[in-house]
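According to our numbering, the residues represented by the sequence shown are 7 to 596, in order.
What follows is a short report on a single structure.
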Amino acid sequence: MFDLLHIGGGSAGSIIAGRLSDNLNDATILLIEAGGHGYDIFNIPFLGPLKQMSSIDWQYTTIPQKNSCFALENNVSKWPSGKILGGSTHLNYMIHLEGDVNDYKSWKDPHSNDWDENDINYYFTKSKKCFSNRQCKFKIDKGSVNVRNSIHSTKLSDAILDAAKELGYSLNDLNSKTSTGFMKPFLNINEMGMRWTSDQYLKGVMTKRKNVKILTHAIVEKILLLNNYEAYGVSVRTICGQSLTIHANLEIIVSAGTIGSPKLLMLSGIGPKNSLHESNISSKVDLPVGKNLKDHLTTGLDLVILDKHLFSYVDLMLPSSAYEFFARGKGPFTSGLVDVVGVVRSSLMGKFDGKNTSPDLEFMVMMAGVSSDQGVFMRKSMGISQKVWENYFKFFTNESVVSILPVLLHPKSVGEMNLNPNDPNGMPLIDPKYLSHENDVFTLVEGIRTIRKITKTKSLADFGVRFNDKKFPGCENWKFDSDEYWRCYVKHLTLTVYHPVGTCKMSEMGIDGVVDYNLRVHKTNKLRVIDASIMPTLPSSNPNAVVIMIAEKGSDMIIENHNNRFSSCSIRDMFITPKVCQIRRMSTTI
7 MFDLLHIGGG SAGSIIAGRL SDNLNDATIL LIEAGGHGYD IFNIPFLGPL KQMSSIDWQY
67 TTIPQKNSCF ALENNVSKWP SGKILGGSTH LNYMIHLEGD VNDYKSWKDP HSNDWDENDI
127 NYYFTKSKKC FSNRQCKFKI DKGSVNVRNS IHSTKLSDAI LDAAKELGYS LNDLNSKTST
187 GFMKPFLNIN EMGMRWTSDQ YLKGVMTKRK NVKILTHAIV EKILLLNNYE AYGVSVRTIC
247 GQSLTIHANL EIIVSAGTIG SPKLLMLSGI GPKNSLHESN ISSKVDLPVG KNLKDHLTTG
307 LDLVILDKHL FSYVDLMLPS SAYEFFARGK GPFTSGLVDV VGVVRSSLMG KFDGKNTSPD
367 LEFMVMMAGV SSDQGVFMRK SMGISQKVWE NYFKFFTNES VVSILPVLLH PKSVGEMNLN
427 PNDPNGMPLI DPKYLSHEND VFTLVEGIRT IRKITKTKSL ADFGVRFNDK KFPGCENWKF
487 DSDEYWRCYV KHLTLTVYHP VGTCKMSEMG IDGVVDYNLR VHKTNKLRVI DASIMPTLPS
547 SNPNAVVIMI AEKGSDMIIE NHNNRFSSCS IRDMFITPKV CQIRRMSTTI
């Protein structure tokens, strides 16, 4: 028996477990993680994306897409997700951006100040551990996440920033109130130049606190509900095949990610009634779990070619690069592989619905492309088909390519995920419905045209930049550079940016919410979800910093709740107002 059971020790989960351990002196906490512990030697920054499709990756895939991904094997998009303590902070590109203030207007609790601008900014600030005033406006050393400016960059990075200025874009700190413009990104790197992962914070807390235990290599198969309402324990299967039932005295927190969290809820009988019946699962709580799936999309790999050699993966293998990193914490080993980011408002923003005031395009500049590693890794991790490799990317393996990727920040296309009726415990059916809304195609095409403008600037003239004009397989019948050609191109080369959110949406019950504004699952008690799955909308940024912010706020909600010893509720409390239910003192132990 533990006071708190926490499922998932990933990006959010490790932060939450650490904060709860540090602030709930008399509470016992068990963190259950499907993966294992990582090793510091693998926290070399540039290695992160290279660990995708490995044993520490869940290796999710979508179902075949009808309107997109035609250049990928079987029209399927690969979705890496960390299966390790620290989760996807081991796999991502380490970019720390906080989005635009307009992103969060729809998040606010209509009945309180929770999730308003000031509240969200407070938790962004609280989360950061910074090493200079540049990242945080003032130095902070008690945050959970390391944030610092990029250590390594190239001359081309500076030239692209100059090119952005030449086109009229400003150079700004994108984590300030001015969240549009271009910059070298802030990264999650520690003072030694190593990749920061969220389990590092938890392990630091555990050196001085003994009230949290970690069970690794264990799969939670079901959340146990009393009277189809109150969460009181979990069924767990260990790596040895042992089945365990573990009880929670106070609360169960789910932080299994945008795919893992809704899957677990549905396996427990919490989800859309009809979908559960298709999987022969008894419906206990009818909620829109798995709906509202949203993801950032990109395209445009290897569209920029240089006459000059700038960077290759061979450069990373040089002894001098290793020495510079291990001796000084500098050099190309510290690269997150994205050297410049830009966030802009396209000319199409608000044209279709007149509502969204957030930036709708991001640009991520990578000093490499799919062809840079001769097809050894990037092609396979992205799922590029053999046919497309042979007829397109293979031609650039001896070129110096750069990828300026346009990222669709607020797609109109909304997907869903469901259990596989033939194997509910297996891989779920993920359908993001990429590019099912034509407006998404138009916005990405504008992004490509912006890239072409960048390549024509005087700032890049010294690099011998040219735009790749080879026709993409499947789009040969269209005139190159016509709108029809680029629409075809986008529908073929459709790529995830690994930012799925929203499948356990935070909103009011009866609308489309799965959790309330305290992150408690509707129609249940003693059960919360705290991770990227609760986001109502996508941020205008890479969401890693937002996930950490959610973890910090969710932690404070639990701490406040349990410091006041708000009680558990029985089935009769379904007919009592929530406030009455919450102030009952706990009198029983399940």
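C-beta: ideal position from N, C-alpha, C; glycine also.
Output the distance between the C-alpha atoms of residue 550 and residue 295, rounded to the nearest integer angstrom.
Your numbering for residue 550 matches position 544 in the sequence shown. Your numbering for residue 295 matches position 289 in the sequence shown. Those two C-alpha atoms are separated by around 22 Å.
Rounded C-alpha distance that separates residue 439 from residue 333
What you label residue 439 is simply residue 433 of the sequence shown in a count that begins at 1. What you label residue 333 is simply residue 327 of the sequence shown in a count that begins at 1. If you take the alpha carbons of residue 439 and residue 333, they lie about 47 Å apart.
May I ask you to report which of helix, strand or coil DSSP gives residue 217?
Indexing the sequence shown from 1 puts residue 217 at position 211. Coil at residue 217, not helix or strand.
Would you identify the three-state DSSP class for residue 620, choosing helix, strand or coil?
In the structure as shown, the chain starts at 7 and stops at 596, and residue 620 therefore has no counterpart that could be examined.
Helix, strand or coil, according to DSSP, for residue 551 in the structure here?
Within the sequence shown, the letter at position 545 stands for residue 551. Note: residue 551 maps to helix in three-state DSSP.
If I follow the unbroken alpha helix (DSSP H) through residue 283, where does it start and stop?
Along the sequence shown, read from residue 1 onward, the residue named residue 283 stands at position 277. Run containing residue 283: 279–284, per the alpha helix (DSSP H) assignment.
Does the beta-carbon distance from residue 474 to residue 311 come in below 7 Å?
In the sequence shown, residue 474 corresponds to position 468, counting from 1. In the sequence shown, residue 311 corresponds to position 305, counting from 1. In contact: residue 474 and residue 311 (Cβ atoms closer than 7 Å).
Is residue 366 near the ligand MG, with its Cβ less than 6 Å from a heavy atom?
Questions concerning the ligand MG fall outside what the structure shown contains, since it holds no ligand whatsoever.
Cβ-based neighbour list, residue 350, same chain, cut-off 7 Å, excluding 5 preceding and 5 following:
By 1-based counting over the sequence shown, the position of residue 350 is 344. If we look at residue 350 and ignore the five residues flanking it on each side, its Cβ neighbours are 175, 186, 365, 367.
For residue 521, count the other beta carbons within 10 Å of its own beta carbon; 16 or more makes it buried, fewer makes it exposed. Which is it?
Position 515 of the sequence shown, counted from the start, is the residue given in the question as residue 521. Result: buried.
For residue 472, the residue or residues it bridges with in DSSP:
Against the sequence shown, residue 472 aligns to sequence position 466. DSSP, once it has assigned bridges, lists 311 as partnering residue 472.
Would DSSP call residue 144 helix, strand or coil?
Here residue 144 corresponds to residue number 138 of the sequence shown, with the count starting at 1. Reliability fails at residue 144, whose pLDDT of 49 lies under 50, so the model's placement of it is uncertain and no value is given.
Endpoints, alpha helix (DSSP H) assigned at residue 133:
As a first step, residue 133 must be located in the sequence shown, where it is residue number 127. From DSSP, the alpha helix (DSSP H) with residue 133 extends over 123–133.
Along the chain, where does the beta strand (DSSP E) that runs through residue 155 open and close?
Here residue 155 is taken as the residue at index 149 of the sequence shown, counted from 1. It spans 151–155 - the beta strand (DSSP E) in which residue 155 sits, taken as one unbroken run.
So if DSSP puts residue 257 in a beta bridge, which residue, or which two residues, is it bridged to?
Indexing the sequence shown from 1 puts residue 257 at position 251. Its beta-bridge partners are 10.
Cβ pair count under 8 Å reaching 3, the region 161–179 against the region 124–137
no
Could you tell me which residues DSSP pairs with residue 482 in its beta bridges?
Here residue 482 refers to the residue found at position 476 when the sequence shown is read from its first residue. DSSP lists no partner for residue 482.
Thinking C-beta only, is residue 372 closer than 7 Å to residue 415?
What you label residue 415 is simply residue 409 of the sequence shown in a count that begins at 1. What you label residue 372 is simply residue 366 of the sequence shown in a count that begins at 1. Cβ atoms of residue 415 and residue 372: not closer than 7 Å.
Would residue 324 be called buried (16 or more neighbouring beta carbons within 10 Å of its own) or exposed?
Taking the sequence shown and counting its residues from 1, one reaches residue 324 at position 318. Classification for residue 324: exposed.
Taking residue 86 as the reference, give the member of 433, 428, 25 with the closest Cα.
Here residue 86 refers to the residue found at position 80 of the sequence shown. Closest by alpha carbon: 433.
Going by Cα to Cα distance, which pick from 539, 534, 560 is closest to residue 257?
The count along the sequence shown starts at 1 and reaches residue 257 at position 251. Among 539, 534, 560, the Cα nearest to that of residue 257 is on 534.
Taking the continuous alpha helix (DSSP H) assigned at residue 95, which residues delimit it?
Residue mapping note: residue 95 aligns to position 89 of the sequence shown, counting from 1. Element bounds for residue 95: n/a, residue is neither H nor E.
If we count the other Cβ atoms within 10 Å of its Cβ and call it buried at 16 or more, is residue 404 buried or exposed?
Counted from its first residue, the sequence shown places residue 404 at position 398. Burial call: exposed.
What separation, rounded to the nearest whole angstrom, lies between the Cα atoms of residue 153 and residue 26?
Taking the sequence shown and counting its residues from 1, the one referred to as residue 153 is at position 147. Taking the sequence shown and counting its residues from 1, the one referred to as residue 26 is at position 20. Going by the C-alpha atoms only, they are around 22 Å apart.
Does DSSP classify residue 189 as helix, strand or coil?
Taking the sequence shown and counting its residues from 1, the one referred to as residue 189 is at position 183. In this structure, residue 189 counts as strand in the three-state DSSP scheme.
Closer than 7 Å by C-beta to residue 144: which residues in its own chain qualify, once you throw out the five before and the five after it? Chain order, please.
Start at 1 with the first residue of the sequence shown, and residue 144 comes out as number 138. Note that residue 144 scores a pLDDT of 49, beneath 50, so its modelled location is shaky; the value from the coordinates is reported in the next line. Cβ within range, chain order: n/a, list empty.
Run of the beta strand (DSSP E) containing residue 104, from where it starts to where it stops
Your numbering for residue 104 matches position 98 in the sequence shown. No beta strand (DSSP E) contains residue 104, which DSSP labels as neither H nor E.
Assign residue 241 to one of three DSSP states: helix, strand, or coil.
Counting from 1 along the sequence shown, the entry for residue 241 is found at position 235. DSSP places residue 241 in strand when its eight states are reduced to three.
Own chain, CB closer than 6 Å to residue 435, minus 5 neighbours either side, in chain order
Position 429 of the sequence shown, counted from the start, is the residue given in the question as residue 435. Within the same chain, residue 435 has close Cβ partners 69, 424, 426.
Would you kindly work out how many angstroms separate the C-alpha atoms of residue 235 and residue 11, rounded to a whole number?
The residue you call residue 235 lines up with position 229 of the sequence shown. The residue you call residue 11 lines up with position 5 of the sequence shown. Looking at the two C-alpha atoms, the distance is approximately 17 Å.
Report the three-state DSSP secondary structure of residue 398 (helix, strand or coil).
Counting from 1 along the sequence shown, the entry for residue 398 is found at position 392. Reduced to three states, the DSSP call for residue 398 is coil.
Cα separation between residue 375 and residue 98?
Stepping through the sequence shown from its first residue, residue 375 is reached at position 369. Stepping through the sequence shown from its first residue, residue 98 is reached at position 92. In a straight line, the C-alpha of residue 375 is about 17 Å away from that of residue 98.
Comparing the C-beta of residue 527 with each C-beta of chain E, is any distance below 7 Å?
Among the chains of the structure shown, chain E does not appear; only one protein chain is present.
For residue 199 and residue 402, which I take to be in contact (beta-carbon distance under 8 Å), what is that distance rounded to the nearest angstrom?
Position 193 of the sequence shown, counted from the start, is the residue given in the question as residue 199. Position 396 of the sequence shown, counted from the start, is the residue given in the question as residue 402. Their Cβ separation, rounded to whole angstroms, is 31 Å, which puts residue 199 and residue 402 out of contact at 8 Å.
Going by alpha carbons, who is nearest to residue 548 out of 78, 41, 100?
Looking up residue 548 in the sequence shown gives position 542. For the residues 78, 41, 100, the minimum Cα distance to residue 548 belongs to 100.
Return yes when the Cβ of residue 269 is within less than 7 Å of the Cβ of residue 469, no when it is not.
As a working mapping, residue 469 is identified with position 463 in the sequence shown. As a working mapping, residue 269 is identified with position 263 in the sequence shown. For residue 469 and residue 269, no; Cβs fall outside 7 Å.
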